[in-house]
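Visitor:
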Amino acid sequence: LASGAIERPLVFGGNDRPGVMLAGAVRSYINRFGVVPGRQCVVVTTGDDGWRSANDLVHAGGTVAAIVDARREVSPAIRQAADKAGIRVILGAQAQSVHGRTAVSGLDVVHDNGATEHLHCDLVAMSNGWNPAIHLTTHLGGKPVWDATRAAFLPPAQLPPGLVVAGAANGTGALSRAIAEGSDAGATAARDCGFAARPLPHVTSDDTDSDGAPVWSPRGSSKSFVDFQNDVTASDIKLAHTEGFRAVEHLKRYTTLGMATDQGKTSNVAGHALMAVLCGVDIARAGTTVFRPPYTPVAIGALAGHHRGKDFRPTRLTPSHDWAREQDAIFVETGLWLRAQYFPKSGDRDWLDAVIREVNAVRSAVGVCDVSTLGKIDIQGADAAEFLNRVYINGWTNLAVGKARYGLMLREDGFVMDDGTTARLGETHFVMTTTTANAVRVMQHLEFCHQALWPALDVRMVSVTEQWAQYSIAGPRARDVLRGVIDPQHDISNEAFPYLACGPITVGGGIPARLFRISFSGELAYELAVPASYGDAAIRAIMDAGKPYGIHPYGTEALGVMRIEKGHVAGNELNGQTTARDLGLERMMSTKKDYIGRVMAQRPALLDPTRPRFVGFRPVDRTKRLRSGAHFVSASRAASAENDEGYMTSVAYSPVLKHWIGLGLLRNGPERIGQVIRCVDPLRGEAMDVEICSPVFVDPKEERLRV
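Residues in the sequence shown are numbered from 173 upward in steps of one, following the working numbering.
1) Can you grab the Cα-Cα spacing for the pair Phe587 / Trp626, in whole Å?
2) Less than 7 Å between the CB of Val612 and some heavy atom of the ligand HEM, yes or no?
3) Quick check on DSSP: helix, strand or coil for Leu838?
4) May I have a chain-ordered list of the beta strand (DSSP E) segments no shorter than 3 residues that lie completely inside the region 837-871?
5) Hey, could you find the ends of the beta strand (DSSP E) Asp241 is sitting in?
6) Closer than 8 Å, CB to CB, is Ala350 near chain B or not?
7) Under a three-way DSSP split, which group does Thr728 fall into?
8) Should Thr821 be labelled buried (16 or more other beta-carbon atoms within 10 Å of its own) or exposed?
9) Could you tell me the boundaries of the alpha helix (DSSP H) in which Glu421 lies?
10) Tell me which same chain residues have a C-beta within less than 7 Å of the C-beta of Ile351, skipping the five on either side of it?
11) Please confirm if the region 692-712 is in contact with the region 645-653, defined as three or more CB-CB distances below 8 Å between the two stretches.
12) Leaving aside the five residues before and after Cys451 along the sequence, list all residues of the same chain whose C-beta is less than 8 Å from its C-beta, in chain order.
13) For Glu179, name the three-state secondary structure that DSSP assigns.
14) What residue does the beta strand (DSSP E) around Ile262 start on, and which one ends it?
15) Which residues bound the alpha helix (DSSP H) around Arg613?
16) Between Ile304 and Ala340, how many whole angstroms is the CB-CB distance? I'm expecting something under 8 Å.
17) Could you check whether Gly834 and Val823 sit closer than 8 Å to each other, using their CB atoms as the reference points?
18) From Asn815, Thr288 and Leu829, pick the residue whose C-alpha is nearest to that of Arg839; which is it?
19) Which two residues bound the contiguous alpha helix (DSSP H) that contains Cys451?
20) Closest by CA to Val462, which one among Pro516, Gly222 and Leu312?
21) With the cut-off set at 8 Å, would you say Val404 and Thr428 are in Cβ contact?
22) Roughly how far, in whole angstroms, is the beta-carbon of Arg785 from the beta-carbon of Glu863, given that I think they are within contact range, below 8 Å?
23) Confirm, please, whether the CB-CB distance from His724 to Gly539 is below 8 Å.
24) Could you check whether the region 866-878 touches the region 720-739, counting it as contact only if at least three pairs of C-beta atoms, one from each stretch, sit closer than 8 Å?
25) My output table needs one value for Ile723: the three-state DSSP class, helix, strand or coil.
26) Should Gly156 and Arg511 be called a contact, given that it needs their Cβ atoms to be closer than 8 Å?
27) Quick one: Cα of Val207 to Cα of Tyr201, how far?
28) In angstroms with no decimal places, state the Cα-to-Cα distance between Val631 and Phe559.
29) Considering only C-alpha positions, which residue in the set Thr608, Asn532, Asn440 and Ser762 is nearest to Lys830?
30) DSSP three-state call for Lys548: helix, strand or coil?
31) Do you know how far the Cα of Phe367 is from the Cα of Ala257?
32) In angstroms, rounded to a whole number, what distance separates the CA positions of Asp434 and Leu308?
33) Which parts of the region 553-591 are runs of the beta strand (DSSP E), unbroken and 3 residues or longer, counting only runs that do not cross its ends?
34) Tell me, which residues are paired with Glu699 by DSSP?
35) Could you tell me whether the Cβ atoms of Thr490 and Leu508 are closer together than 8 Å?
36) Exposed or buried, Pro209, counting other C-beta atoms within 10 Å across all chains shown (16 or more means buried)?
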């Protein structure tokens, strides 16, 4: 970390006037932009650094009326340079107050003996030392340490592993020493990463660490600003002291010191030092507040703009997006994500041809689909299993390490909120997956349950959806393809890695990854998760490994077809109006434990046997096309709202069965399997007879996914 240092302003009357600026800023105007920011300048400093600005001003053609240094003695070298330039030097004096309202017209300084003197100027360059920019060293709990010699807070003694601080951020002011530190740190980092490296040759310079004696307390009674963004003055800090808000955390909140967008980068140390003086303690004892991310504020311009369309809902791209675009994929919006819908090929008449081809490839050989958009929540802690036990309707404390399980969670009112698989990677470590659409909602629900309902549980969670790229490799040859991607020491045979197994693996010669043997298509399938930065490389490696086996990429349309063929519920069925019993999942509802929604799910209306329940449908005339959203009406009754018995939630053309199939919710559905009912689509003016059947159309014995 070589983040440099930030110059501190001085606190004196009128120090917020236009024409009062940091000495370093004056140098930037001169040396970077070729601009002398004033005709006649007074440099007010507490260390050597201000003298450098005075010299640069003179060399640029400006006039320096005086250098006012709070120290009584300075080094002969800098005094000689000032004398040579004809600059008046005033030692042992401080700035008291600025004259002028909209611009600087002069400065009053006060000498050690109390006498005041007025200096004519239109520019005041102030320097009160430097604050090392140590913010990033505190984001993992480290606390800054006050160094009286350098008069600054330095990085904590215990730094995170792999972090080294160099240069001004480490309190090193001399250029040659800063370069040497940076060179040594860079060489060490390179060696730690496996590279051969040695430090650069050390350079020499004639500068030294600036021996400064910062001044904290203002002289005089006029308004002296400490925080220039939030207009916190020295008198505000005195008031905080009087009112008892003396701890730096209380001072911050009482005065708003350091709470503006700069987060106290220039003001905090001066404010805390003023409080230390008022309390009669040293700065080390007074301490300082720590810093929160981000170090650089988000510009207001990044948040402005039209709140419509893509300006309001920015598109999120999957890790395989660039690769999919190269394959001419057609994309579809799923929530905020842009996902591959299908992959057209020459000869396809329409999207359905592409989807049929993709489904047949998975059923007969192997396919790969990017499922990174599924919500992924990392849950850890001694009580993680008990926490899952309370949010899911089924049991979780008995789930073995290295196994995954399907889970269903209810809202407080007893209706289904979401479903997904959760894997146990360690005794106290779980990874939950959610549907893409409900990822944020589930995370909010879990946080509420932990913080409001069960704060005593030792559990922590974080969304890792964007940290992992995840690919479903499905089909009879899925294991063969996967063996060409993962490192050879991992045994993924059916005996060693059975259905619903999970665990950490490595790919590409040591890259950490995770493998889950779960299936949404009903085929032998695995989901391979790699760090998101390897997502593009992973999809290309999977495709290369799958070439001998005829691998095909498949999109959301083919994924939807296969889940309908297997009778898996998804967003169309998890619409916020269905219960576990409606979906045929009542056997999952544990009677041995409590969980969110258990009591409300037992309300009589939700147990009514006539409620629409989950079943499958196929047209009596197999040439007919089913329509999602169509309603069911008994053949002897009129198609009206009073006679409505349910509706079709999902439909698809089944490449396996060679005809259209559907899933839906029908009154007394499971008891009516084998019967025929009328299916009416008023929107299109269509009606047909459909047979009520099991929602599982393909491989009802689950033989394919367990091989």
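Each residue gets a CB set at the ideal place from its N, CA and C atoms; glycine is no exception.
Guide: This is what the structure holds:
1) 21 Å
2) As for the ligand HEM, it is missing from this structure, which has no ligand bound.
3) strand
4) 848-853 and 858-865
5) Thr235 to Asp241
6) Here there is only one protein chain, and chain B is not present.
7) helix
8) buried
9) Val420 to Thr427
10) Val375
11) yes
12) Residues of the same chain with a CB within less than 8 Å of the CB of Cys451, apart from the 5 flanking positions on each side, are His413, Arg418 and Ala458 in chain order.
13) strand
14) Val261 to Leu263
15) Ala611 to Phe620
16) Sequence inspection shows Pro at residue 304; the Ile mentioned does not correspond to that position. Contact holds; Cβ gap of about 6 Å.
17) yes
18) Asn815
19) Asn440 to Cys451
20) Leu312
21) yes
22) Actually they do not touch by this definition, with Cβ atoms about 16 Å apart.
23) yes
24) Here the region 866-878 lies against the region 720-739, with 3 or more beta-carbon pairs under 8 Å apart.
25) coil
26) Residue numbering for the chain in the displayed model covers 173 to 879; residue 156 lies beyond these limits and cannot be assessed.
27) Looking at the two C-alpha atoms, the distance is approximately 5 Å.
28) 7 Å
29) Asn532
30) strand
31) 50 Å
32) 15 Å
33) 575-582
34) Beta-bridge pairing by DSSP links Glu699 to Ser644 and Phe688.
35) no
36) Classification of Pro209: buried, given that the 10 Å Cβ count is 16 or more.
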